[in-house]
Amino acid sequence: TMENTNSVAFPSTGRSRSAAPSEAKSTLTAATGDLSIVSGRATALEVCDLVYGDGDGRHSTLDAIERYYESNAGAYENPLLTATSRSVLCDIYSLTNRLSRLDVPRPIVVLYTLFGKQHLLEGDAASDSLFQALRVWTEVGEITESESFDGHRQCIIEHTFNILILPGLHTDRLAASTVGRFTHPSTPTSFSLALPLTHENSSHPATYAHPSDPALSVPLLNFLLPSPLHLQLHVLTRLRFNESGLITHHRDFWDVKDLLSLLPGGALAQWVGARVVGGALSSISRVLGVSPAEGTERARSRASAGDIELGRGGHVEPGLTPAASYARHALRYLRSSVSSYSLRASGGGVGHPV
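So the sequence shown is numbered by the working numbering: it starts at 8 and just counts up by one.
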């Protein structure tokens with residue numbers, strides 16, 4: 008008998024079964040990527056509030072650093088300082104959190120503290136302050152993320168760092184429901200413009216509603232003035248994450264222009280100085296003859312002068328200066344005039360004999 012060598016390969020059930028796990032794996036990978044993006048944005052918001060705000064109040068600074076930063080992270084940098092370890096980061100962030108809610112205590116509290124008798128203060132006398140001295144918060148604008156081929160991600164946050172001196176003297180210009188001054192620091196609120204998170208179950212009482220547009224009210228007049236005690240600094244924060252979602256490098260960028268605007272009269276001085284420097288550099292470039300704009304203007308002026316000399320509609324011949332082109336046109340004009348005069352003279356002698 009002859010064997011049948013023709014056979015048709017049908018798809019086996021094993022392959023169809025293996026296709027389902029691959030599809031599930033791709034779906035899981037996509038979901039993991041979306042989750043990493045969401046977690047990266049949440050981490051960026053919390054880190055900005057931790058550095059430039061008053062923190063979320065649910066965890067200590069050390070716990071937050073251990074949760075967000077890699078153990079051998081490449082430190083934190085800004086134009087003024089560099090932190091090379093997580094312990095230094097913890098000290099810096101703890102200090103900034105304290106300075107973000109700076110209050111002036113009552114004199115009796117100061118005396119008891121100097122003599123080491125603060126335990127004798129009853130009730131809320133130890134925590135009650137005389138007035139608010141400083142409030143610091145940040146307002147996040149835009150968040151941009153990118154991912155490299157090796158799984159590392161980078162996040163750039165644009166936010167505004169706000170410093171308000173003597174907040175008790177200010178009124179929120181954009182507040183529609185409340186009229187008057189800010190509440191006392193002992194009055195907690197449930198929201199913060201720095202980081203829109205709920206703090207209903209938080210034991211941290213120092214999260215307050217920050218003003219959108221602080222202004223100073225004029226006594227006896229229903230008029231608000233822009234506050235010179237409200238300082239703003241635009242900051243760009245760059246966070247680099249590893250494949251585990253932990254921060255490996257944190258760097259903040261400040262603009263010199265924005266730094267100068269923090270000083271009284273600095274914005275006007277920067278505006279005038281920048282234009283003076285720009286004009287001075289342009290003048291130096293023209294004097295040295297390295298400005299292409301100066302050469303272009305000279306060529307245009309020469310061309311226009313040549314056109315005026317040659318008459319309206321005249322053209323300068325290529326390869327010649329305006330003077331040489333004018334001389335050539337004049338010579339041609341003389342030749343044509345002499346030849347026409349000779350023809351007229353010869354024709355006149357034949358037709359009109361003397």
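For every residue, glycine included, the Cβ atom is placed at its ideal position computed from N, Cα and C.
Buried/exposed call for residue i, threshold 16 Cβ in 10 Å
i           : result
residue 158 : exposed
residue 328 : exposed
residue 250 : exposed
residue 51  : buried
residue 202 : Unreliable positioning characterises residue 202 in this predicted model, as indicated by a pLDDT of 38, which lies under 50. The coordinate reading is nonetheless provided below. Answer is buried; the Cβ neighbour count reaches 16.
residue 107 : buried
residue 142 : buried
residue 174 : buried
residue 60  : buried
residue 57  : buried
residue 291 : exposed
residue 248 : buried
Rounded separation between residue i and residue j - CA only
i           : j           : result
residue 178 : residue 218 : 8 Å
residue 254 : residue 74  : 9 Å
residue 295 : residue 284 : 17 Å
residue 277 : residue 140 : 29 Å
residue 55  : residue 252 : 16 Å
residue 205 : residue 100 : Low confidence applies here, because residue 205 scores a pLDDT of 36, under 50, leaving its location unreliable and the question unanswered by this model.
residue 225 : residue 231 : 6 Å
residue 262 : residue 333 : 57 Å
residue 113 : residue 47  : 43 Å
residue 223 : residue 117 : 30 Å
residue 96  : residue 68  : 9 Å
residue 35  : residue 98  : Here the model assigns residue 35 a pLDDT of 40, short of 50, so the residue's position is not dependable and the matter cannot be decided.
residue 165 : residue 244 : 7 Å
residue 234 : residue 168 : 16 Å
residue 260 : residue 82  : 15 Å
residue 70  : residue 76  : 10 Å
residue 163 : residue 176 : 35 Å
residue 270 : residue 282 : 19 Å
residue 144 : residue 53  : 12 Å
residue 185 : residue 115 : A caution first: residue 185 carries a pLDDT of 48, below 50, which makes its placement in the model unreliable, though a value can still be read off. Taking the straight line from one Cα to the other gives about 33 Å.
residue 208 : residue 104 : Confidence at residue 208 is low in this model, with a pLDDT of 37, below 50, so its placement is unreliable and the value that follows should be read with caution. Approximately 20 Å, taken between the alpha carbons.
residue 330 : residue 341 : 17 Å
residue 228 : residue 237 : 21 Å
Rounded distance between the beta-carbons of residue j and residue i, thought under 8 Å
i           : j           : result
residue 136 : residue 111 : 6 Å
residue 220 : residue 181 : 5 Å
residue 246 : residue 257 : 6 Å
Margin query: Quick test of the definition: if touching needs 3 or more C-beta pairs under 8 Å, does the segment 91-108 touch the segment 264-272?
Written below: Counting Cβ pairs under 8 Å, fewer than three are found: no touch.
Next item on the list: Tell me, please, whether the segment 114-123 touches the segment 144-160 by the rule of three or more beta-carbon pairs shorter than 8 Å.
Entry: Between the segment 114-123 and the segment 144-160, the count of C-beta pairs closer than 8 Å stays below three; the two stretches do not touch.
Margin query: For a minimum of 4 consecutive residues, which ranges assigned as the alpha helix (DSSP H) are wholly contained in the segment 240-290?
Written below: The qualifying runs are 263-268.
Check: Can you list the alpha helix (DSSP H) stretches of 4 or more residues lying completely in the segment 79-129, in chain order?
Finding: Considered as a whole, the segment 79-129 harbours 93-106 and 114-121 as its complete alpha helix (DSSP H) runs of no fewer than 4 residues, in chain order.
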